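**Q** Protein chains in written order, with the numbering used here: chain G, 41 to 378; chain F, 41 to 378; chain S, 41 to 378; chain B, 41 to 378.
There are 4 protein chains.
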Amino acid sequence: MIIVMKMGATDKEIGLVVSRVEHLGFKAHLSKGEEVTIIGLIGDKRKIEPHVLEMMDGVDKLVHILKPFKLASRDFKPENTVIPLNGTRIGGREVTIMAGPCAVEGLQPMLDVAWAIKEAGVHILRGGAYKPRSSPYSFQGLGEEGLEILAQVREQTGLAVITEVVAPEQVPLVARYADILQIGTRNMQNYALLHAAGESGKPVLLKRGMMSTVEELLMSAEYILSHENYRLMLCERGIRTFETATRNTLDINAIPVLKEMTHLPVIVDPSHGTGRWQLVPAVARAAVAAGADGLLIEVHPDPENALSDGPQSLKPARFVQLIEQLKRVAEAVDRSVQ
Amino acid sequence: MIIVMKMGATDKEIGLVVSRVEHLGFKAHLSKGEEVTIIGLIGDKRKIEPHVLEMMDGVDKLVHILKPFKLASRDFKPENTVIPLNGTRIGGREVTIMAGPCAVEGLQPMLDVAWAIKEAGVHILRGGAYKPRSSPYSFQGLGEEGLEILAQVREQTGLAVITEVVAPEQVPLVARYADILQIGTRNMQNYALLHAAGESGKPVLLKRGMMSTVEELLMSAEYILSHENYRLMLCERGIRTFETATRNTLDINAIPVLKEMTHLPVIVDPSHGTGRWQLVPAVARAAVAAGADGLLIEVHPDPENALSDGPQSLKPARFVQLIEQLKRVAEAVDRSVQ
Amino acid sequence: MIIVMKMGATDKEIGLVVSRVEHLGFKAHLSKGEEVTIIGLIGDKRKIEPHVLEMMDGVDKLVHILKPFKLASRDFKPENTVIPLNGTRIGGREVTIMAGPCAVEGLQPMLDVAWAIKEAGVHILRGGAYKPRSSPYSFQGLGEEGLEILAQVREQTGLAVITEVVAPEQVPLVARYADILQIGTRNMQNYALLHAAGESGKPVLLKRGMMSTVEELLMSAEYILSHENYRLMLCERGIRTFETATRNTLDINAIPVLKEMTHLPVIVDPSHGTGRWQLVPAVARAAVAAGADGLLIEVHPDPENALSDGPQSLKPARFVQLIEQLKRVAEAVDRSVQ
Amino acid sequence: MIIVMKMGATDKEIGLVVSRVEHLGFKAHLSKGEEVTIIGLIGDKRKIEPHVLEMMDGVDKLVHILKPFKLASRDFKPENTVIPLNGTRIGGREVTIMAGPCAVEGLQPMLDVAWAIKEAGVHILRGGAYKPRSSPYSFQGLGEEGLEILAQVREQTGLAVITEVVAPEQVPLVARYADILQIGTRNMQNYALLHAAGESGKPVLLKRGMMSTVEELLMSAEYILSHENYRLMLCERGIRTFETATRNTLDINAIPVLKEMTHLPVIVDPSHGTGRWQLVPAVARAAVAAGADGLLIEVHPDPENALSDGPQSLKPARFVQLIEQLKRVAEAVDRSVQ
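1) Taking the beta carbon of Pro212 (chain B) as the centre, do at least 16 other beta carbons fall within 10 Å, making it buried, or is it exposed?
2) Using DSSP bridges, identify the partner residues of Thr50 (chain S).
3) Rounding to the nearest angstrom, what Cα-Cα distance links Glu255 (chain G) and Ala285 (chain S) in this structure?
4) Could you say if the region 47–54 of chain S and the region 118–131 of chain G meet the contact criterion of at least three C-beta pairs nearer than 8 angstroms?
5) Find out if the Cβ-Cβ distance for the pair Pro341 (chain G), Pro321 (chain G) is shorter than 8 angstroms.
6) Enumerate in chain order the residues of its own chain whose CB-to-CB distance from Gly181 (chain B) is below 8 angstroms, with the five nearest sequence positions on each side excluded.
7) What do you get for Lys299 (chain G), buried or exposed, if any count of 16 or more other CB atoms within 10 angstroms of its CB means buried?
8) State yes or no: is the C-beta of Asn120 (chain S) within less than 8 angstroms of the C-beta of Leu319 (chain G)?
9) For His91 (chain S), name the three-state secondary structure that DSSP assigns.
10) Hey, would you say Leu165 (chain G) sits closer than 8 angstroms to Gly140 (chain G), going by beta carbons?
11) Report buried or exposed for Glu283 (chain G), applying the criterion of at least 16 other Cβ atoms within 10 angstroms of its Cβ.
12) Pull the bridge partners of Val201 (chain S) from the DSSP assignment, please.
13) What's the C-alpha gap between His267 (chain F) and Arg375 (chain F)?
14) How far does the beta strand (DSSP E) with His303 (chain F) in it extend, from its first residue to its last?
15) Using a Cβ cut-off of 8 angstroms (strictly closer), state whether Thr225 (chain B) contacts chain D.
16) Taking 8 angstroms as the cut-off, does the region 221–237 of chain F touch the region 198–210 of chain F (at least 3 CB pairs, one atom from each stretch)?
17) Which same chain residues end up closer than 6 angstroms to Val308 (chain B) when comparing Cβ atoms and leaving out the 5 residues on each side of it in sequence?
18) Would Lys101 (chain F) be called buried (16 or more neighbouring beta carbons within 10 Å of its own) or exposed?
19) Please tell me whether Val201 (chain F) and Leu190 (chain F) are closer than 8 angstroms, where the distance is taken between their beta carbons.
20) Taking 8 angstroms as the threshold (C-beta atoms), are Met45 (chain G) and Val92 (chain G) in contact?
21) When you compare each of S:Tyr217, S:Lys117 and S:Val57 to Glu94 (chain S) by their alpha carbons, which one comes out closest?
22) Pick out the complete beta strand (DSSP E) segments inside the region 270–345 of chain B, 3 residues or longer, and give them in chain order.
23) For the alpha helix (DSSP H) that Ser260 (chain F) lies in, which residues bound it at each end?
24) Pick helix, strand or coil for Glu268 (chain B), following the three-state DSSP scheme.
25) Look at the Cβ atom of Ile137 (chain B), then the Cβ atom of Val369 (chain B), and state whether they are nearer than 8 angstroms.
26) Spell out whether any CB of chain F is found under 8 angstroms from the CB atom of Leu106 (chain S).
27) For Ala154 (chain S) versus Leu111 (chain S), is the C-beta distance shorter than 8 angstroms?
28) Could you say which of G:Gln192, G:Val61 and G:Tyr177 lies nearest to Glu184 (chain G) if we only look at CA atoms?
29) Listing by chain order, which chain B residues have their CB less than 7 angstroms from the CB of Asp291 (chain F)?
30) Comparing the C-beta of Tyr270 (chain B) with each C-beta of chain S, is any distance below 8 angstroms?
31) Quick one: grab the DSSP three-state call for Arg133 (chain S).
32) Which residues of the region 322–354 of chain F have a Cβ closer than 8 angstroms to any Cβ of chain B? Give them in chain order.
33) Does chain G have any CB closer than 8 angstroms to the CB of Val318 (chain S)?
34) On a Cα-Cα basis, can you pick out the residue from F:Ala346, F:Gly315, F:Thr302 and F:Leu151 that is closest to Asp115 (chain F)?
35) Is it the case that the Cβ atoms of Pro90 (chain B) and Met259 (chain B) are separated by a distance below 8 angstroms?
36) Which residues in the same chain have their Cβ closer than 6 angstroms to the Cβ of Arg226 (chain B), if we skip the five residues on either side of it in sequence?
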């Protein structure tokens with residue numbers, strides 16, 4: 041950390057800051073410029089609450105040098121994290137596709153989608169039993185009945201299952217049914233939930249908050265990793281901006297940025313990232329071309345009658361077409377789609 | 041709801057949409073313009089998932105006419121909601137001040153602040169026992185010990201207490217100690233928590249998500265109100281924008297907008313809304329001038345050593361000065377500060 | 041246009057709105073719902089200022105049905121606009137690459153880059169003679185001397201030239217030297233400049249404002265098209281969001297959205313869209329995979345000593361590598377890079 | 041400026057950076073921490089393009105210590121700038137009100153508003169002759185005829201006149217008619233226009249770009265000040281955010297932030313800042329309570345028939361009421377409204 045003093049800070053103010061720095065167990069390193077003085081702190085700065093220094097007289101601002109996350113950082117673990125699951129290796133050379141409806145609506149429709157995506161080569165089925173909805177008057181998911189359906193479909197098709205968990209006390213229940221726990225965008229900073237998911241030991245897919253920076257996503261990852269649960273994937277699913285032509289703005293830059301900052305696999309959700317099925321193929325191709333390790337795509341046999349997110353769901357036939365396109369793009373960047 | 045057909049939609053497509061509308065139990069009202077046809081739905085549109093229609097061939101878009109919230113709306117309840125509490129009437133003519141440190145750190149500092157604000161005429165003490173922090177390495181609050189401290193301070197000073205609750209299973213515990221349950225910005229769409237707070241029957245202060253619209257805030261309010269818990273306040277605490285000169289951008293417009301849309305009291309948090317104590321007095325005065333029903337202000341006896349949010353906390357002496365300023369501004373808009 | 045009346049609007053208020061609508065030359069089409077009444081306007085609504093109706097008593101809001109742009113719309117011209125230029129066809133099957141330094145700094149460096157990109161198969165050279173800089177203390181471009189250099193490089197290499205114009209009175213001068221006039225992000229709503237560029241008859245590349253919606257971009261395009269200058273390209277170059285990890289957030293969704301809304305070619309600038317050369321290759325590949333018609337890429341022989349935008353410029357050798365990658369991605373989506 | 045080296049930067053890399061720093065004429069000040077090395081530059085850093093250093097091997101990032109603006113800074117000129125004009129002193133103890141219609145539409149309506157606001161005690165009349173409009177199909181202003189009308193109204197009423205200028209070549213013409221040149225939000229970074237306004241020597245009101253930070257506003261101010269034109273006011277008029285309930289989000293925080301950073305007067309435009317006349321009084325009061333030096337308010341005798349911005353214009357009678365409210369709020373913060 042560096043402390044920047046105000047222009048005109050007095051020697052006495054500077055002296056008091058240096059004393060405090062040393063009192064806190066750091067070495068202070070003074071550098072007097074022509075206009076301002078700066079003080080470097082030497083020692084592990086993660087331990088202190090920075091405003092202890094920020095609020096002293098004569099201090100202009102603090103500048104953080106070290107990143108606030110550690111376990112998620114590539115500095116800490118340079119090689120890619122790879123998560124083997126149901127015959128795929130998430131974070132490896134293959135681009136992993138996870139597909140299925142937004143919500144579990146019943147056994148038969150779930151089976152229909154499951155067999156369709158399995159035939160297209162997909163290994164992981166998505167479907168929500170608990171749905172966070174902005175209106176209390178919307179369909180909220182089938183709950184445990186939905187989990188049972190997922191279990192049956194898994195047994196019959198051999199697909200692995202990813203499903204969302206929305207409250208900490210639900211984690212043990214959902215963990216019994218799911219292969220991957222999904223934490224949704226509204227819960228990225230639900231710390232009680234992050235702790236519970238970390239403790240579960242299950243693979244976790246953590247979605248970026250629609251209002252959260254990449255750095256905050258990595259801080260939330262840190263909560264899960266701090267429970268020594270390293271089977272963690274991050275998911276870019278679009279952020280909120282001033283643009284209203286699409287439901288969200290998919291942050292394509294975040295893909296190479298995350299691959300640079302962290303060793304964790306980066307999954308992209310083009311369905312929520314755009315909000316309209318017509319845009320999903322173009323953005324899914326873009327995500328693979330930019331280096332995504334996987335895609336989370338909404339597929340529904342009858343989107344017009346879906347209980348949620350119909351407009352962003354692909355029909356199975358279009359999904360199969362998209363997989364063919366993705367195979368070609370993956371090859372062009374020296375990867376493959378299973 | 042209105043369905044706008046595409047330019048060039050065929051009569052057959054229009055006919056199918058009309059059939060579907062009628063099948064869903066609505067009356068369809070057709071209007072052929074020079075370029076496009078529109079179809080109005082007559083009936084209560086809150087019941088259907090709109091994409092059932094949105095995805096039909098020939099449909100361009102759906103336009104919502106009715107607001108998606110009801111119980112929170114001024115159309116539903118025209119007169120202001122007033123919540124009597126510890127001698128104040130939140131939402132009444134008086135502007136209610138709630139003040140105290142970000143986090144409960146110990147009994148003595150809490151008592152010091154409590155007596156100081158009580159002397160300034162304040163009736164409600166704030167202080168967090170559970171702190172949602174973006175880093176797992178930061179101070180997370182004293183937990184139940186913090187609640188005990190709040191209870192002692194309440195007993196000794198006669199102040200009412202507002203404190204944050206961060207997980208649904210904590211609600212019964214926190215509700216035993218608190219006079220008002222606070223739901224923080226990161227939890228505005230934590231629906232399990234909203235349900236639990238609604239069920240508790242306790243007064244609730246619901247903070248706006250830092251990237252949530254005013255309409256979404258009202259939808260979240262709807263979750264709490266749907267449990268017939270009407271002792272609810274809304275809180276504007278700054279939103280996230282591209283501007284980095286301040287921690288958040290306090291949305292001053294939201295005050296008159298909310299007063300127009302809803303009957304619920306509107307509280308403003310200038311401490312989080314700005315992130316720097318130097319800016320708090322100006323923005324607190326602005327909030328009162330714009331019609332806020334109350335303020336939530338961070339006060340700490342020794343901000344430099346606060347365990348969280350020091351830079352945005354006022355010292356007691358400055359807070360007392362601010363109260364004097366607020367009294368004058370409140371009078372200028374025909375209100376009062378106790 | 042549709043007028044939505046307030047709940048509880050009186051018959052008299054409705055009657056007055058209908059009269060006004062008819063007085064303005066439209067047919068009014070009344071539809072009484074259970075809670076609200078709506079009034080459709082039949083006739084060409086582009087001619088009126090909508091608030092003439094919006095402000096009448098009893099009116100809740102106006103809903104626009106028609107898009108506010110016309111000449112730029114795919115409804116108006118369904119087939120893609122293709123602009124033949126120097127042996128390429130911008131908007132055709134080929135993905136057009138435009139490359140070069142941010143600013144023209146001298147004849148020799150410009151020639152070095154020009155020959156390098158020409159060898160890689162590029163047909164169009166970029167380089168700014170007039171640079172809009174946020175600080176008056178930064179390098180502002182060589183001005184006319186820079187244009188002369190571009191002319192010499194064009195003559196020697198046979199490359200076409202794209203360069204920025206920043207003021208309306210400069211347009212005739214710049215148009216003498218340039219093959220394509222570039223209008224930068226800060227000037228997207230500089231209407232005097234849009235008119236001048238439209239009148240010039242030269243091909244124009246219009247960059248999206250960093251905080252402008254896709255619809256506003258199309259409205260600005262309309263200014264240029266209204267001068268019957270149809271050789272117009274649009275350029276997505278990143279928008280401003282709350283994310284600070286990158287200079288801008290490239291809006292990848294905008295590519296398929298624009299291809300759907302307009303017939304104009306869509307160019308993407310991954311250099312400004314990310315702000316760091318390390319991220320340019322991933323995002324350039326993504327843009328091609330998403331359907332971009334061209335790319336605008338900053339290349340500099342010695343980025344460390346570039347007079348502007350060094351950190352986002354590729355060295356020629358890396359650029360050549362990138363072109364090889366782009367060829368593969370373009371093929372995967374049935375297009376080609378020259 | 042401070043250079044932060046990467047973790048693991050080699051001694052050779054550090055040595056090369058130090059050499060470059062010294063070669064550029066600075067003194068390098070090395071500080072080796074436990075994890076990273078930082079290098080301070082001593083000397084005037086405004087002169088170099090920072091990426092000369094940023095792109096060297098082993099460099100992680102550059103941290104700017106000094107603010108990029110100088111003439112606009114309170115460090116440079118601690119006392120408030122006060123601009124005497126037509127009997128008021130903008131930036132002094134009085135809060136200056138500027139009012140009038142968005143656009144000049146004709147002599148008689150202009151006179152009507154002018155006399156009404158003069159009677160309310162206002163000294164400065166606003167009205168646009170050149171209107172930047174997002175659609176080429178909207179009313180674009182009366183041009184020079186509008187300026188003539190303003191001149192006549194000024195002569196008859198004795199009011200000073202503020203009007204917008206949209207292109208550099210117009211500045212001399214507009215400067216002949218106007219007492220204050222207004223630069224609009226879309227032109228905040230139209231540098232040719234800033235230079236022309238600076239050179240004119242006339243008082244200038246510079247509106248913040250709807251997408252610009254406070255720091256960028258001050259950088260644009262620097263362009264005008266660099267022509268030794270110090271009669272400059274800044275204007276907060278709302279920024280663009282994700283919130284759609286209002287036209288813009290008025291950044292109330294910007295008032296105390298600007299008063300801290302700069303000596304220039306800060307004017308607030310609650311009409312554009314909200315977009316609806318119903319919200320203008322609350323936000324205008326808030327601005328005064330927060331310390332604004334003046335307000336720019338749209339007033340129109342017949343807003344329903346205004347040629348632009350009707351929905352955000354107050355009728356004269358409401359404006360008079362608002363002035364009475366503002367007088368009371370101004371008094372409460374020890375200021376006055378004339």
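Glycine residues also receive a C-beta, built at the ideal position from the N, C-alpha and C atoms. For clarity, every value in this text was computed on a predicted model and none was experimentally measured.
**A** Per the coordinate set shown:
1) exposed
2) The partner list for Thr50 (chain S) (beta bridge, DSSP) is empty, contrary to what the question assumes.
3) 8 angstroms
4) no
5) no
6) Ala143, Val144, Gly168, Ala169, Tyr170 and Lys171
7) By the 10 Å Cβ count, Lys299 (chain G) comes out buried.
8) no
9) helix
10) yes
11) With at least 16 other beta carbons inside 10 angstroms of its own, Glu283 (chain G) counts as buried.
12) S:Leu165
13) 32 angstroms
14) Unbroken run through His303 (chain F): none, as it is neither H nor E.
15) Chain labels in this structure do not include chain D; the protein chains are G, F, S and B.
16) yes
17) Glu276, Ala327, Ala332 and Leu335
18) exposed
19) yes
20) Met45 (chain G) sits away from Val92 (chain G), with the two beta carbons spaced by 8 angstroms or more.
21) S:Val57 is the residue among S:Tyr217, S:Lys117 and S:Val57 whose C-alpha sits nearest the C-alpha of Glu94 (chain S).
22) 272–276, 306–308 and 334–338
23) Residues Val254 to Leu265.
24) coil
25) no
26) yes
27) Not a contact, by the Cβ cut-off of 8 angstroms.
28) G:Gln192
29) Contact annotation for Asp291 (chain F) against chain B: Glu283 and Thr289 [CB-CB distance below 7 angstroms, chain order].
30) no
31) coil
32) Ala322, Val323, Arg325, Ala326, Ala327, Val328, Ala329, Ala330 and Gly331
33) Sequence check: residue 318 (chain S) is Gln here, not Val. It does; some Cβ of chain G falls within 8 angstroms.
34) F:Thr302
35) no
36) Pro172
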